[in-house]
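Take 170 as the starting number for the sequence shown in this note's numbering and just add one per residue.
For each residue, glycine too, the CB sits at the ideal point set by N, CA and C.
Only one structure is covered here, and it is reproduced in the block below.
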Amino acid sequence: SALKAAESTGLIDTQRLAILGHSMGSGVALSYSMTHPDTSATISISPVKQTVTPTQPRNLLLMAGSLEPQFVANANQLLSTAGGQGGDLTKGTARELEVVPNVEHISILFSPKAQTTARSWLDATFGPQPGALNYSDHRVLWYGLGILGFTVLANAGLNMISSSSQIMISQKPLRLRLVAILGGGIVATIILWLVSLIGAKLDQLLGLLVGGYLIVWFGVAGLIALLIFRPHIPRPRIRVLIKGLIALAALWLGVGLLGNFVWLSWLLIPYRFWIWIPSTIILIPWFFTVGSVAERAKPAVQMGWWIFQAITILLSLYLAIMLNPELGFLFIILPLVLVMIGLHMLVIYSKHGTWAYAISGAMFTTWLILAVFPLQ
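As structure tokens, then:
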């Protein structure tokens, strides 16, 4: 599809083609090159396991980050199967492995070293292109500024809306709050593991590869945490709901839509979009409980609750991977989810209302999961 779209512009030379792919896209790139032997060069970044030979793909460059050892191992295996380091670019037998220092599965895409290596490989294959600029992609810096700007605007807008008077409920003991979050996460992992023992395919829930498990895990963990903590559940007020939608808009635009032009395919295809609202409902108990345990806390303490939430998610899902190895892809994407949950807390503290915190967090996190994880 990408090739057809490029051909439709009339700006490419179809006799001189190269393909580059990252992660699961690397498998697509390698598979395409194997079935299209006229592909002049293939660049596979953070490669998955795939079939290669000493003659195909032509001029194969493999890259992986030093902080993603499983993909370094995949790259070494592919390099060995493809004939080892070396070869002749003019004959199409060149093979090279570049381990990019101090980057992992996502940050490798923004690494100047990785970008320069890919460009050099294409120049070596096709020759330097007349009029080409020595360009380094610094869009991620502007992306960061965009996120910061939307965060500041959201905080300003939220603070302009006066909070509704709330019934003051006595703060529950710290131990209960800690147990609710941690217990919800660990028990949810064990429950889903038990479900897998009777034949449920946890890595294919909701038609998503692993992502469906994450949605269901949040749902089960949230219900358990809610039952343990038993917070006061007020009727959601219009002002609080408006605050939640403002926070969602800031995150959707600043993190998501801006990211669509940098690294993330943010707009959902119809199937993903139709399960967004049902999945959001599944996540609300988790975010409502987290918002309740951190209610009325100062900003520094709010971030402390984010850290505890992050630790709980890491421990629970690490246990899930140990019990169900087919969920291993979670380990790659999980840091991104934790960062995004932290950004949500920066945009809207639970002082603006537990419902505002819960609705914005559930809607944004669900959209993120549906955008990032591949379909089954």
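- Relative to the Cα of Gly460, the nearest Cα in the group Ser529, Lys218 and Pro299 belongs to Ser529.
- Distance between Asn243 and Ser280, taken at the CA atoms: about 20 angstroms.
- From the listed residues Ser209, Phe533, Gln545 and Ala187, the smallest Cα separation to His513 is found for Phe533.
- Between Leu189 and Ala251, the C-beta spacing is not below 8 angstroms.
- When only Cα atoms are considered, Phe295 and Arg185 end up about 8 angstroms apart.
- Here the alpha carbon of Val379 sits roughly 30 angstroms from the alpha carbon of His205.
- For the 8 angstroms CB-CB criterion, Glu273 and Gly234 form a contact.
- The alpha-carbon separation between Arg441 and Val541 amounts to approximately 11 angstroms.
- Counting C-beta pairs with one atom in each stretch, the segment 226 to 233 and the segment 253 to 263 have three or more that are closer than 8 angstroms, which means they touch.
- The beta carbon of Gln284 sits closer than 7 angstroms to those of Ser305 and Asp306, all from its chain and outside the five residues before and after it, given in chain order.
- For Arg227, the three-state secondary structure derived from DSSP is coil.
- Leu544 sits in a strand when the DSSP states are folded into three classes.
- Counting along the chain, Arg308 sits inside the alpha helix (DSSP H) bounded by residues Arg308 to Met329.
- Going by beta carbons, Ile538 and Ile384 fall inside the 8 angstroms limit.
- Assignment of Val268 by DSSP, reduced to helix, strand and coil, places it in the strand class.
- For the pair Gly522 and Ile476, the Cα-to-Cα distance works out to about 20 angstroms.
- Between Leu375 and Glu495 a beta carbon distance of about 15 angstroms is seen, past the 8 angstroms cut, so the two are scored as non-contacting.
- DSSP, reduced to helix, strand and coil, places Thr458 within a helical segment of the structure shown.
- Rounded to whole angstroms, the Cβ separation of Ala489 and Thr358 is 5 angstroms, and the two are in contact under 8 angstroms.
- Straight through space, the alpha carbons of Leu427 and Thr211 are spaced by roughly 29 angstroms.
- Tyr487 and Val269 have their alpha carbons spaced roughly 26 angstroms apart.
- Sixteen is the threshold: since fewer than 16 other Cβ atoms of the shown chains lie within 10 Å of the Cβ of Leu363, the residue is exposed.
- Per DSSP, reduced to three states, the secondary structure at Ser213 is strand.
- For the pair Asn245 and Val516, the CB atoms are not nearer than the 8 angstroms cut-off.
- For Leu410, the enclosing alpha helix (DSSP H) stretches over residues Ile407 to Leu420.
- Beta-bridge partners assigned by DSSP to Ala233: Val268.
- Contact between the segment 383 to 399 and the segment 313 to 332 is absent, with fewer than three C-beta pairs closer than 8 angstroms.
- According to the DSSP assignment, His191 belongs to the beta strand (DSSP E) that extends over Ala187 to His191.
- With distances taken between CA atoms, Thr259 lies nearest to Trp290 out of Phe240, Pro238, Trp290 and Ser249.
- Per DSSP, reduced to three states, the secondary structure at Gly255 is strand.
- The Cβ atoms of Lys412 and Leu322 do not sit closer than 8 angstroms to each other.
- Relative to Tyr526, the option among Leu420, Gly353, Arg346 and Glu237 whose CA is nearest is Leu420.
- In the structure shown, Leu436 falls within a coil segment according to DSSP collapsed to helix, strand and coil.
- Rounded to the nearest angstrom, the Cβ distance from Thr449 to Thr535 is 5 angstroms, consistent with a contact under 8 angstroms.
- For the pair Val462 and Ala349, the CB atoms are nearer than the 8 angstroms cut-off.
- With contacts defined by Cβ atoms closer than 8 angstroms, Arg399 and Ile330 do not form a contacting pair.
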